[in-house]
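Numbering (the working numbering), first residue to last: 11 to 360.
Dropping the structure here:
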């Protein structure tokens, strides 16, 4: 449920003009880095397909932890979100699965938090801590019980979200409740600015084609399905990251590899990575700046920067049934000297 950590981080930014400009520039980049490549066939005599083999009505239980660590000039923080998930097969056909993913328990914790630089000198640390705690309580209440109905193809590769309107209303209601407590004591101008920005962000989240910046845990679970692998051979695919601002897309590289294939137990370990290049990020930033100016009248400073984004993941799968025993993804962002790390772990409870 990264959208809630995402909104908590927005509060840091909106309490400082300089931080706001930086946040606006990099608000969407982290979480939509995989799942968009065309499926690639391996040209070899030994092919190992990875696919779901679940029965209709079958239910699995997952434990998920997500840790965000930020080391920046103006902030050091660690935010942990732990979730229990029930995953049920609602329908199985010859061409797809319909699955229901329900967050049965969510716990969010700020493990460490330290302001630095100009915003610390403004004396806002306690104020921001109180706001964060309010938002954490609201996010837990909203996320607990949330269900996501989505489809995959017959091999288990993620396709799309089915209950979009239900989720749209759930998110908008949740963000509105968060803001009521957060903005109550703010000056009118700051409150209006914050309300406008959150309205923009909430609409952007629910209008994203794959809800990628919201449910990257679901996409990670299904990342490796639908490919055919040869043991030890690296698959390389040219993927694309769809723009949330216009009809264009941004190129990215995807690498997949199978390790430790056990033909007897039908168990494999898969590794992979996704990389977005500097030119793709630059074009994304230009499109974001144009949209903010044209639609909201928000001017973004043009700055020179070095920005890198890469996600690495490894997944252990039982090929007999398609169960993922555990999956881990680590996404690194580096902007000049600021570094953010997002670590996600998913484990199957048998």
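Even glycine gets a Cβ: it sits at the ideal position worked out from N, Cα and C.
None of these values were measured; they are calculated from a predicted model.
Classify residue i as helix, strand or coil using the three-state DSSP reduction.
i, result
"residue 147", "helix"
"residue 62", "coil"
"residue 168", "strand"
"residue 302", "helix"
"residue 100", "strand"
"residue 355", "strand"
"residue 240", "coil"
"residue 121", "strand"
"residue 295", "helix"
"residue 9", "Residue 9 lies beyond the stretch modelled for the chain, which goes from 11 to 360, so this question has no answer here."
"residue 273", "coil"
"residue 154", "coil"
"residue 181", "helix"
"residue 256", "coil"
"residue 234", "coil"
"residue 173", "coil"
What's the call for residue i, buried or exposed, on a 16-neighbour Cβ count within 10 Å?
i, result
"residue 238", "buried"
"residue 242", "exposed"
"residue 354", "buried"
"residue 35", "In this prediction, residue 35 scores a pLDDT of 40, lower than 50, which makes its location untrustworthy; no coordinate-derived value is stated."
"residue 269", "exposed"
"residue 276", "exposed"
"residue 282", "buried"
"residue 274", "exposed"
"residue 76", "buried"
"residue 158", "buried"
"residue 347", "exposed"
"residue 234", "buried"
"residue 9", "Given that the chain is displayed from residue 11 to residue 360, the structure contains no residue 9 and the question cannot be resolved."
"residue 118", "buried"
"residue 150", "buried"
"residue 179", "exposed"
"residue 85", "buried"
Could you tell me which residues DSSP pairs with residue i in its beta bridges?
i, result
"residue 320", "285 and 342"
"residue 249", "262"
"residue 348", "345"
"residue 327", "278 and 334"
"residue 85", "125"
"residue 77", "90 and 353"
"residue 267", "244 and 281"
"residue 70", "97"
"residue 109", "99 and 160"
"residue 115", "94"
Could you work out which residue in the options is closest to residue i when comparing CA atoms only?
i, options, result
"residue 3", "79, 299, 65 and 62", "A question about residue 3 goes unanswered here, because the residues of the chain that appear run from 11 up to 360."
"residue 153", "94, 297, 106 and 292", "94"
"residue 184", "155, 226, 198 and 62", "155"
"residue 258", "144, 231 and 290", "290"
"residue 161", "73, 99, 271 and 61", "99"
"residue 108", "168, 264, 247 and 293", "168"
"residue 87", "351, 359 and 358", "351"
"residue 72", "92, 82, 244 and 60", "92"
"residue 359", "347, 345, 349 and 334", "334"
"residue 252", "304, 287, 261 and 245", "261"
"residue 319", "295, 296, 348 and 287", "287"
"residue 284", "274, 246 and 294", "246"
"residue 317", "305, 332, 349 and 250", "349"
"residue 256", "330, 198, 293 and 181", "293"
"residue 263", "249, 347 and 271", "249"
"residue 305", "206, 197 and 178", "206"
"residue 83", "124, 60 and 111", "124"
"residue 148", "332, 186 and 165", "186"
"residue 174", "105, 280 and 110", "110"
"residue 321", "330, 266, 271 and 296", "266"
"residue 74", "202, 230 and 181", "230"
"residue 113", "181, 96 and 140", "96"
"residue 58", "332, 345, 357 and 240", "240"
"residue 357", "272, 201, 295 and 70", "70"
At least one CB of chain C closer than 8 Å to the CB of residue i: is that the case?
i, result
"residue 349", "Of the protein chains in the structure, only one exists, and it is not chain C."
Taking 7 Å as the line, does the beta carbon of residue i fall inside it for any heavy atom of the ligand PLP?
i, result
"residue 197", "For the structure depicted, the ligand PLP is absent and the ligand set is empty, with no information on it obtainable."
- Message: For the stretch 225 to 232 against the stretch 333 to 347, do three or more pairs of beta-carbon atoms, one drawn from each stretch, fall closer than 8 Å, so that the two count as touching?
- Response: Taking a contact to require three or more Cβ pairs closer than 8 Å, the stretch 225 to 232 and the stretch 333 to 347 qualify as touching.
- Message: When you compare the stretch 62 to 80 with the stretch 100 to 113, are there three or more beta-carbon pairs, one atom per stretch, that lie closer than 8 Å?
- Response: A contact exists between the stretch 62 to 80 and the stretch 100 to 113.
- Answer yes if the stretch 296 to 305 comes into contact with the stretch 321 to 329, meaning at least three C-beta pairs across the two stretches below 8 Å, and no otherwise. No: fewer than three Cβ pairs fall under 8 Å.
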